[in-house]
Structure formats: structure tokens, C-alpha cells
Amino acid sequence: MEKELLTRGVINVLREAGFLVSSMCDIRPRSFDLAARREELLLLLKILSNIDGLNERTAREITRLAGHLLGQPLIVGEKTRDQMLERGAVYFRYGVPTVSLPTLADYLLGGIPPLVYAAHGGLYVKIDGEMLRKLRMERGISIGELAAELGVSRRTVSKYESESMDTSIDIALKLEEIFDEELIQAVDIFRQRFVEEANAEVKDSILRRLVELGLRVFPISQAPFNAITRDDEMVVLTGVSRLTTSMIKRARLMSSLSSVTLTHSALIVDGETRIDRIERTAVIGRKEIEKIDSRKDFADLLMMKRESSAY
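First residue of the sequence shown: 2, per this note's numbering; consecutive thereafter.
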């Protein structure tokens, strides 16, 4: 399946599942292709025909972005170099959950979460160790007896119970057969992983001005915007641009992303501009930034631009 067809399929599944979907990010380089939101769940999606095409730098960037936006990074793909992705299985690339389109559709449209994840050596499942121990004790089965029936060591059974150690599909199914109870746990691919990030070095002079105003600025290298700017009350997708014909396209893409991520968006122009906003994106001239004295002034300027007539 070509990436274009795969992307179309992903968008259709998301919309059918009730997600608001952003415009496609077609500005390179980019760490993600789409943003999508349904209620509190925000996804940043990277779509790849071959998931082994993801590099570590891009994975780190999409994970950083998702953390700042309280969202979840997700890769949707079709195959690895060696094989097609298994339906119902989750793969991980540099820690980013990765699924096939049918797996995504099963989860979002059918309510069927993936139960299997791929790791070195094959496919594995997570089992409920606490429930396993409870059932074993209720049935009067010793650790040794259960180990013998499974063909594993006593230490392994102990780890299943005390550490919820993952196991093979065959062992998990045998445990469910022995106890006639569901012990396999779904793989949680939509768990937010926000990590507070230390202030990074800001090299751009316009972005440094925002730091001087008391705002926290986190440079971004693979997105339609150059940084995430934040304080205790707002998050702003922040771009820095020259006066070019591509500025309007970029501002519109940032507007679409801010609608989905529930943030503000601002494009700071290196020069003067008569445009106050493009859709939801505030357009601010460099001199306007240089005249203000505090982060409150920046917030007020942003709101004033947002309330003016759109270009």
C-alpha cells in the first residue's frame, strides 16, 4: 500500500471514530504527519509504509512534542523490512507505539484493543500477575505444580505473579485454559508520557526575546513551527518566518494544528507586516515583540491579534 493510500485510510478511520483531524503536515522536515483529537485524547501520528524508516531523531522529536502537548505519539505503518505487521499487535520503534491500519481500526471503531506486542524473539503478551496469584491460591495449586504444568521454572511462575512478567502467547493461553479466566491484558498504546523538560538553549534571536519576557521556549526542529512557547496559562505553537509567499501556507497549517491541540499559534515575522492573523494564527512583527516588556504583554498582544480581522 502506498503512503498516500495508507494516509487516506488513517484519516477515514479517525474521522469515523469521531476524531477532529488536522491538515496534513507537508512542510519538511517533519516528525509527524497529522494531529487528531477526540475529547481528552490527542494523537500525533506519523504514517510510514515501512516502519523501519523511522530514525531515532524523529522518534525523539515526536515524543517531545506529544509530551509538551499532553498527547500520545503513534506510528501507523504497513510492514517492516522483513514482514507485514500483524493485526492486533503493537510494535515499538524507539519507544513509540506502532500499529497497522487494521489494528488501529479494530481499536478505535470496534473497541478491540491490541493484546500482543512484538519484541526481540517474537510476540508477547502482558498478564495480570495479581489475578494469577489469586486464582492459583483459590484453587489450591502450588507454584511448583503450576510450573510443571506450564513447562517452566518455579522462578518464572513467581515472576509472573509478583512482577507481572510478560510471556509468550502460548503460555498465556495455557494459563487462561487452566483457570478458565481472562488473564491477558491489553497493550496500552494511548498512555500519556509527559516528561518535564529542562530549558534548552535558544539560538534564534526572536525566540530569545520571548525568553527575556519570562516565557519558556522549547525549540522544535521537525515541525511547521519553530518552538513551543509556554507559561502557566497558555501554550503557543510559535513560528519564526520571513515575509515570503510560503508564510501564509505555514500559518494556515499552524492554525489547523492549534485547533486540534487546543493551543494558540503565532507566527513572528522578521520584519513589519500589515496582517494581524491568518485564520487562528496571530501574525506579529518583530518590532512589536521588541516593544513589549513582559509575558503578559505578549499574551495581550496575541489575544488582540486573534480578535482582529483574519487575512
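Every residue gets a Cβ at the ideal spot worked out from N, C-alpha and C, and that includes glycine.
*Which whole-angstrom value is the C-beta distance of Val-126 and Thr-157, which I expect to be below 8 angstroms?*
Val-126 to Thr-157, Cβ: 15 angstroms. No contact.
*asked:* Rounded to the nearest angstrom, what separates Leu-44 and Leu-21 at their Cα positions?
replied: The C-alpha of Leu-21 is placed about 10 angstroms away from the C-alpha of Leu-44.
*Endpoints, the beta strand (DSSP E) within which Ala-187 is located*: Here Ala-187 belongs to no beta strand (DSSP E), and DSSP marks it neither H nor E.
*Three or more beta-carbon pairs under 8 angstroms between the region 8-23 and the region 233-246, yes or no?*
no
*Complete runs of the alpha helix (DSSP H) confined to the region 103-141 [at least 4 residues]*: Those alpha helix (DSSP H) runs which fall completely within the region 103-141 and span 4+ residues are 130-139.
*How would you label Asn-56, buried or exposed, when you count the other beta carbons within 10 angstroms and need 16 or more for buried?*
Exposed, by the Cβ-count rule.
*For Lys-47, which beta-bridge partners are listed by DSSP?*
Ile-76
_For a test of the three-state rule: what should DSSP assign to Tyr-161, helix, strand or coil?_
Secondary structure at Tyr-161: helix, using DSSP grouped into helix, strand and coil.
_Counting C-beta neighbours from all protein chains within 10 Å, is the total for Glu-273 16 or more, i.e. buried, or is it exposed?_
exposed
*Spell out the partners DSSP gives Pro-98 in its beta bridges.*
Phe-93
*Between the beta-carbon of Ala-252 and the beta-carbon of Ala-267, is there less than 7 angstroms?*
The answer is no: Cβ separation not under 7 angstroms.
*Entirely enclosed alpha helix (DSSP H) segments - the region 2-31, minimum 4 residues*: 4-17
*Hey, would you say Gly-78 sits closer than 7 angstroms to Leu-105, going by beta carbons?*
no
*By how many angstroms is the C-alpha of Gly-130 removed from the C-alpha of Glu-164?*
7 angstroms
*For Gly-240: DSSP bridge partner residues*: Leu-268
*What first and last residue would you give for the alpha helix (DSSP H) that runs through Ile-63?*
57-69
_Distance check for Ile-279 and Leu-211, CA to CA, integer angstroms please._
21 angstroms
_Enclosing beta strand (DSSP E) for Ile-229 [first to last residue]_ = 228-231
_Exposed unless 16 or more other CB atoms sit within 10 angstroms - verdict on Lys-306_ = buried
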